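Following the working numbering, the numbering of the sequence shown begins with 300 at its first residue and continues without gaps. Here the structure is laid out as structure tokens; the discussion comes afterwards.
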Amino acid sequence: VEKHPRFRSTNNRKHLGTLGTGNHFIEVCLDEAGSVWFMLHSGSRGVGNAIGTFFIELAQKDMQQHVANLPDRDLAYFEEGCRHFDDYVEAVGWAQQFARINREVMMRNVVEAARLAISKPFGIDAAAVNCHHNYVQKETHFGSEVLVTRKGAVSARKGELGIIPGSMGAKSFIVRGLGNPESFCSCSHGAGRAMSRNEAKRRFTVEDQVRATAHVECRKDEAVIDEIPMAYKDIDAVMKAQQSLVEVVHTLRQVVCVKG
Numbered sequence: 300v301e302k303h304p305r306f307r308s309t310n311n312r313k314h315l316g317t318l319g320t321g322n323h324f325i326e327v328c329l330d331e332a333g334s335v336w337f338m339l340h341s342g343s344r345g346v347g348n349a350i351g352t353f354f355i356e357l358a359q360k361d362m363q364q365h366v367a368n369l370p371d372r373d374l375a376y377f378e379e380g381c382r383h384f385d386d387y388v389e390a391v392g393w394a395q396q397f398a399r400i401n402r403e404v405m406m407r408n409v410v411e412a413a414r415l416a417i418s419k420p421f422g423i424d425a426a427a428v429n430c431h432h433n434y435v436q437k438e439t440h441f442g443s444e445v446l447v448t449r450k451g452a453v454s455a456r457k458g459e460l461g462i463i464p465g466s467m468g469a470k471s472f473i474v475r476g477l478g479n480p481e482s483f484c485s486c487s488h489g490a491g492r493a494m495s496r497n498e499a500k501r502r503f504t505v506e507d508q509v510r511a512t513a514h515v516e517c518r519k520d521e522a523v524i525d526e527i528p529m530a531y532k533d534i535d536a537v538m539k540a541q542q543s544l545v546e547v548v549h550t551l552r553q554v555v556c557v558k559g
């Protein structure tokens with residue numbers, strides 16, 4: 300806030316502990332043994348978007364002064380070692396911390412809500428699996444320190460646990476990374492969309508949504524048609540394509556899905 304005063308006038312700091320919209324969700328799932336899992340998907344919320352927008356605009360201004368032949372303004376960048384580059388890396392790291400804490404707050408609230416709703420006491424016998432997606436960080440690959448950007452991807456270092464969600468009507472997976480160097484120790488963040496949100500809204504109806512999510516307690520209205528399972532790729536095909544990147548530890552099926 301001291302370096303970037305315009306953040307002071309936003310309400311982004313109030314987003315801590317909130318889910319967001321789009322494909323963000325909270326789910327209750329069952330694994331192959333019938334154990335219950337709470338899963339949620341969210342990120343750095345409005346503050347992350349504000350940071351990204353601020354630095355994109357700043358990079359475009361810098362390019363106007365230093366690079367005359369940039370073919371597209373959206374290719375604007377900061378040179379490593381300059382002040383704005385260091386500021387950006389610091390801000391992105393802060394946003395990743397915010398995203399992690401945001402998920403921790405929500406998960407704590409989900410567990411507390413479940414304890415209030417379920418009369419029978421229950422315990423938590425597994426550690427939380429927490430993984431970033433859409434982020435950048437310094438890592439060492441092929442003997443060099445580099446900045447790795449994962450967009451729609453998560454880290455899958457050898458032995459590292461990760462989460463690969465399907466759609467709101469498909470399976471999800473808890474996985475263990477195999478540390479494949481050719482993927483920079485990465486795997487997919489989820490199934491990935493098979494079509495745009497607008498195309499899904501044109502192609503499918505509420506009746507389609509009701510049929511596709513018959514086994515899940517979730518919203519079934521026009522506002523979430525763009526999240527219909529058929530708008531996403533086949534998660535089984537996605538998992539088969541990346542079997543050299545991760546191994547499946549648990550297969551989860553949704554019983555409750557709350558969209559933001």
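The C-beta atom is built at its ideal place from N, Cα and C for all residues, glycine as well. Note that the structure is a prediction, hence the values are computed from the model and not measured.
Going by the beta-carbon positions, is the gap between Cys556 and Met467 smaller than 8 Å?
In the sequence shown, residue 556 corresponds to position 257, counting from 1. In the sequence shown, residue 467 corresponds to position 168, counting from 1. For Cys556 and Met467, yes; Cβs fall inside 8 Å.
Would you check if the region 475-490 and the region 520-527 touch, i.e. whether three or more CB-CB distances between them fall below 8 Å?
no
Nearest CA to the CA of Glu438: which residue from Ala425, Met362 and Ser454?
Walking along the sequence shown from the start, residue 438 turns up at place 139. Residue Ser454 is the option with its Cα nearest to Glu438.
Buried or exposed: where does Ser418 fall if 16 or more other Cβ atoms within 10 Å of its Cβ makes it buried?
Mapped onto the sequence shown, residue 418 falls at position 119. Exposed: under 16 other Cβ atoms inside 10 Å.
How is Tyr531 classed by DSSP in three states: helix, strand or coil?
Numbered from its first residue, the sequence shown carries residue 531 at position 232. Strand.
Rank Glu481, Gly380, Glu459 and Ser482 by C-alpha distance to the C-alpha of Arg475 and give the top, closest one.
Locating residue 475 in the sequence shown gives position 176, where the first residue counts as 1. Looking at the Cα atoms, Glu459 is the closest of the given residues.
Does DSSP put Gly345 in a helix, a strand or coil?
Position 46 of the sequence shown, counting from 1, holds the residue named residue 345. Of the three classes helix, strand and coil, the one that applies to Gly345 here is helix, per DSSP.
Below 8 Å, how does it come out for the region 539-559 and the region 314-329: are there three or more Cβ pairs, yes or no?
yes
Tell me whether Ile423 sits in a helix, a strand or coil according to DSSP, three-state version.
For the purposes of this step, residue 423 is identified with residue 124 of the sequence shown, where counting begins at 1. Three-state DSSP puts Ile423 in coil, outside helix and strand.
Tell me the rounded alpha-carbon separation between Gly321 and Gly347.
For the purposes of this step, residue 321 is taken as residue 22 along the sequence shown, with counting starting at 1. For the purposes of this step, residue 347 is taken as residue 48 along the sequence shown, with counting starting at 1. Those two C-alpha atoms are separated by around 15 Å.
How would you write the range of the alpha helix (DSSP H) that Ile524 sits in, first residue to last?
As a position in the sequence shown, residue 524 is number 225, starting the count at 1. From DSSP, Ile524 is part of no alpha helix (DSSP H); its letter is neither H nor E.
So the alpha helix (DSSP H) Gly476 belongs to, where does it begin and stop?
For the purposes of this step, residue 476 is taken as residue 177 along the sequence shown, with counting starting at 1. Premise fails: Gly476 lies in the beta strand (DSSP E), Ser471 to Gly476, not in any alpha helix (DSSP H).
Within 10 angstroms of the Cβ of Gln508, are there 16 or more other Cβ atoms? Answer buried if so, exposed if not.
Taking the sequence shown and counting its residues from 1, the one referred to as residue 508 is at position 209. With 16 or more other Cβ atoms within 10 Å, it is buried.
Go ahead and label Pro528 buried or exposed: buried means 16 or more other beta carbons lie within 10 angstroms of its beta carbon, across all protein chains shown.
For this step, residue 528 is matched to residue 229 along the sequence shown. Classification for Pro528: buried.
Determine contact between the region 423-433 and the region 442-453, defined as no fewer than three beta-carbon pairs at a distance below 8 Å.
yes
Starting from the C-beta of Arg372, find all residues in its chain whose C-beta is less than 6 Å away, skip the five residues before and the five after it, and write them out in chain order.
For the purposes of this step, residue 372 is identified with residue 73 of the sequence shown, where counting begins at 1. Excluding sequence neighbours, Arg372 sits near Gln359.
Sub-8 Å separation of Gly345 and His314 beta-carbons:
Within the sequence shown, numbered from 1, the residue matching residue 345 stands at position 46. Within the sequence shown, numbered from 1, the residue matching residue 314 stands at position 15. Against a cut-off of 8 Å, the Cβ pair of His314 and Gly345 comes out as a contact.
Contact defined as beta carbons within less than 8 Å: I believe Ile462 pairs with Met338. What is the distance between those atoms, to the nearest angstrom?
For this step, residue 462 is matched to residue 163 along the sequence shown. For this step, residue 338 is matched to residue 39 along the sequence shown. Indeed they touch by this definition, with Cβ atoms about 7 Å apart.
If you draw a straight line from the alpha carbon of Arg399 to that of Ser334, how long is it in whole angstroms?
As a first step, residue 399 must be located in the sequence shown, where it is residue number 100. As a first step, residue 334 must be located in the sequence shown, where it is residue number 35. For Arg399 and Ser334, the distance between alpha carbons rounds to 24 Å.
What residues in its chain sit with their C-beta under 8 Å from that of Pro480, if we drop five residues either side in the sequence?
Locating residue 480 in the sequence shown gives position 181, counting from the first residue. Once the five neighbours on either side are set aside, the close Cβ partners of Pro480 are His440 and Phe441.
Report buried or exposed for Pro464, applying the criterion of at least 16 other Cβ atoms within 10 angstroms of its Cβ.
Here the question's residue 464 lines up with position 165 in the sequence shown. Label assigned to Pro464: buried.
Within 10 angstroms of the Cβ of Asn401, are there 16 or more other Cβ atoms? Answer buried if so, exposed if not.
By one-based count along the sequence shown, residue 401 stands at place 102. Asn401 should be labelled buried.
With 16 other Cβ atoms within 10 Å as the buried cut-off, status of Leu544:
As a position in the sequence shown, residue 544 is number 245, starting the count at 1. With 16 or more Cβ atoms within 10 Å of its Cβ, Leu544 is classed as buried.
Are there 16 or more other CB atoms within 10 angstroms of the CB of Asp525, so buried, or fewer, so exposed?
To locate residue 525, count along the sequence shown from 1; it is residue 226. Answer is buried; the Cβ neighbour count reaches 16.
Range covered by the alpha helix (DSSP H) that runs through Met406
Start at 1 with the first residue of the sequence shown, and residue 406 comes out as number 107. Met406 -> alpha helix (DSSP H) spans Arg382 to Ala416.
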